[in-house]
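In my numbering, the protein residues as written are 4 to 182. C-beta: ideal position from N, C-alpha, C; glycine also.
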Amino acid sequence: VRYDVIKNAHNIRVSTRDNKKFTAQIKDYDSKNDMALIVINSGTTPFLKISQVLPRQGESVIAIGNPKGLEGTVSNGIISAFRENNKWVQFTAAISPGSSGGALINLRGEVVGMPTQYMTEGQNLNFAVAPTLLNNFFKTAQNNNNSVRRTQTQKISRDGKKISLPNSRGFNSIKWNAT
Numbered sequence: 004v005r006y007d008v009i010k011n012a013h014n015i016r017v018s019t020r021d022n023k024k025f026t027a028q029i030k031d032y033d034s035k036n037d038m039a040l041i042v043i044n045s046g047t048t049p050f051l052k053i054s055q056v057l058p059r060q061g062e063s064v065i066a067i068g069n070p071k072g073l074e075g076t077v078s079n080g081i082i083s084a085f086r087e088n089n090k091w092v093q094f095t096a097a098i099s100p101g102s103s104g105g106a107l108i109n110l111r112g113e114v115v116g117m118p119t120q121y122m123t124e125g126q127n128l129n130f131a132v133a134p135t136l137l138n139n140f141f142k143t144a145q146n147n148n149n150s151v152r153r154t155q156t157q158k159i160s161r162d163g164k165k166i167s168l169p170n171s172r173g174f175n176s177i178k179w180n181a182t
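The structure is reproduced here in structure tokens:
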């Protein structure tokens, strides 16, 4: 889930597609990369596997999110490039504010990124946190009880120059209610 979405929440509630509701706790977060690991006590709720490798350039992908609060929206595209030493996956599946924090999935059903940003200066210039970074974060989070990471700069290079990306806003891939 995106850290920016839950950072000021006192309570986080998670609803699944079959209307099960859970209270979530923040296990760990990385504000620099806008990621948070939340945990729920759900028993047998299924989950998606995160790919252990980067997707291939040109590979077909599906973005799932909640743009403008429209739950469970799906769009398709391809992997177009990798940025910042493979930290960011650039993709063409349409996203809008609210899509961020969802899942970017390959056709094998593996998560190959977490959409977090898009550039408004062009079309289909969308960016996701790479699966390798997600896996590293989750492994670190499993070993930390109360880790704090506070750097908030998010930049991607274009033609060797650093550029800041606008933050997208809205809901993450799960319906949540923070109070």
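In the three-state scheme derived from DSSP, where H, G and I count as helix and E and B as strand, G72 is classed as helix.
Cβ-Cβ distances below 8 Å link I41 to V4, I9, I15, V17, A27, Q28, I29, K30 in the same chain, with the five nearest sequence neighbours on each side left out; the list follows chain order. Linking S78 to A106 through their CA atoms gives a straight-line distance of about 11 Å.
In this structure, V132 lies away from V115, with their beta-carbon atoms at least 8 Å apart. Per the DSSP secondary-structure output, G80 pairs in a beta bridge with V64.
In this structure, DSSP gives L137 a helical state, which the three-state scheme calls helix. By the Cβ criterion, the region 78-87 is in contact with the region 63-70, since at least three pairs of Cβ atoms, one from each stretch, lie closer than 8 Å.
Here the alpha carbon of G125 sits roughly 11 Å from the alpha carbon of T95.
Counting every other CB atom within 10 Å of its CB across the protein chains shown gives P58 a total of 16 or more, marking it as buried. Bridge partners of K24 according to DSSP: S18. In this structure, DSSP gives N109 an extended state, which the three-state scheme calls strand.
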